[in-house]
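A short write-up of the structure that comes next.
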Amino acid sequence: MRYIYSSIPTVPNCSDLRQIRLEDRLRTWNSFVTRRLPVYTRTCGICGKLVLTVFINQTIYRMHSSPAGVHVYQKFAACDLEGDSLTRFFLQDAYEGVETRNYDILTQAYSPLVPELIWTKVQMETKKLTYINVYQPLCLRTLRRYLQENKNILVRVMRKANVASGKMNIVCLATGFYPRHIKMTLLRDERAVPDEELTAGEVFPNGDGTYQLRRSLALSEEEQRKKHVYTCTVTHLSLDNKLDVRWESASSPALYAGISLLIVLSVMGITGTLCWRRRTGKMKALG
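Going by our numbering, 242 is the number at position 242 of the sequence shown; the sequence numbering is gapless.
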């Protein structure tokens with residue numbers, strides 16, 4: 001999860017703080033758009049805005065003896081969740097387009113690039129306690145809640161005709177998952193289909209914060225005649241176990257046509273036999 005803040009606090013009649021949230025590189029909310037948000041998101045945004053507005057104003061005034069005019073301060077905050085723990089949690093600041101500090105909260109590596117942002121030992125301990133005991137749990141809770149809200153993964157295996165090539169394709173589709181990292185395997189008779197035989201698509205956003213991925217396998221005429229069993233296997237962070245969806249080849253159209261023709265010929269033969277017997281019987285009766 002990423003938060004990007006941009007502040008212009010010294011311009012009259014101008015909103016002083018703009019916020020954009022990105023989840024797994026996809027923008028899911030920004031403060032330019034007014035819409036109702038979940039309570040935990042609104043609370044997080046309000047707290048962050050109050051703290052950042054005070055911090056940015058104080059920093060700009062320290063860096064300028066006469067802070068008149070337009071000044072832009074930007075902050076980038078990010079945390080990444082893998083499994084049950086954070087793998088990254090850091091802050092980056094910039095002022096007037098120049099980087100001012102980096103703070104890796106997990107390793108406690110603080111690198112101020114301007115004198116105004118140098119912390120004393122007491123300040124460092126205070127910030128450490130605040131980020132570890134307040135913001136880190138908040139980040140974990142927020143990301144886990146996003147995962148719970150996006151557990152509706154739909155997996156389908158379809159047979160589709162390719163108009164351009166005239167071949168049939170077996171398509172494995174997974175949609176409605178978050179985050180975007182997903183493992184998809186197409187099996188043929190319980191064996192993985194080699195990657196060189198597959199047309200591998202990219203992970204695309206659905207527009208609602210979730211993603212989709214599809215892979216397809218082109219079937220030759222010979223493959224279509226064989227009764228293979230295809231299985232789409234999906235492994236994702238939001239699934240307790242892997243998800244398997246099967247598709248079994250039906251009998252080929254040629255086989256259905258052959259059976260139909262055989263039935264028609266049989267019916268015609270039976271009908272002809274009955275008619276011949278009836279005609280023969282009538283002739284004997286007349287004789």
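In this text, a Cβ means the ideal position worked out from N, Cα and C, and glycines have one as well.
Less than 7 Å separating the Cβ of residue 123 from some heavy atom of the ligand PLP?
By its list of ligands, the structure shown contains no ligand whatsoever, and the ligand PLP lies outside what it can speak to.
Please report the straight-line C-alpha distance between residue 194 and residue 161, rounded to a whole angstrom.
21 Å
Quick one: which unbroken alpha helix (DSSP H) runs of 4-plus residues sit fully inside the region 65–132? Chain order, please.
Counting whole runs of 4 or more residues, the region 65–132 contains the alpha helix (DSSP H) stretches 121–130.
Excluding sequence positions up to five away, which residues of its chain have a Cβ less than 8 Å from the Cβ of residue 203?
180, 182, 211, 212, 213
Distance check for residue 239 and residue 220, CA to CA, integer angstroms please.
The alpha-carbon of residue 220 is positioned some 34 Å away from that of residue 239.
Tell me the DSSP bridge mates of residue 203?
DSSP output for residue 203 lists no bridge partner at all.
At what residues does the alpha helix (DSSP H) containing residue 180 begin and finish?
Per DSSP, residue 180 belongs to no alpha helix (DSSP H) and is neither H nor E.
For residue 217 versus residue 186, is the C-beta spacing smaller than 8 Å?
yes
Do residue 189 and residue 157 have their beta-carbon atoms positioned less than 8 Å apart in this structure?
no
Cβ atoms of residue 110 and residue 95: under 8 Å apart, would you say?
Pairing residue 95 with residue 110 gives a Cβ-Cβ distance that is not under 8 Å.
Identify the continuous beta strand (DSSP E) that holds residue 211 and give its terminal residues.
211–219
For residue 90 versus residue 139, is the C-beta spacing smaller than 8 Å?
Contact flag unset, no.
By the 10 Å Cβ neighbour count, where 16 or more other Cβ atoms means buried, how is residue 124 classified, buried or exposed?
exposed
Range covered by the beta strand (DSSP E) that runs through residue 236:
In the DSSP assignment, residue 236 falls within the unbroken beta strand (DSSP E) covering 229–236.
Can you tell me where the beta strand (DSSP E) holding residue 155 begins and where it ends?
154–161
Would you call the CB atoms of residue 184 and residue 224 closer than 8 Å?
Not closer than 8 Å, so no.
Helix, strand or coil for residue 244, going by three-state DSSP, please let me know.
strand
When 173, 119, 113 are compared against residue 200, the one with the closest alpha-carbon
173
Evaluate residue 93 with the Cβ neighbour count: other Cβ atoms within 10 Å of its Cβ, from every protein chain shown; 16 or more gives buried, anything less gives exposed.
Buried, by the Cβ-count rule.
Between 215, 226, 79, which lies nearest to residue 196 when the distance is taken from Cα to Cα?
215
Any idea what DSSP makes of residue 140, helix, strand or coil?
helix
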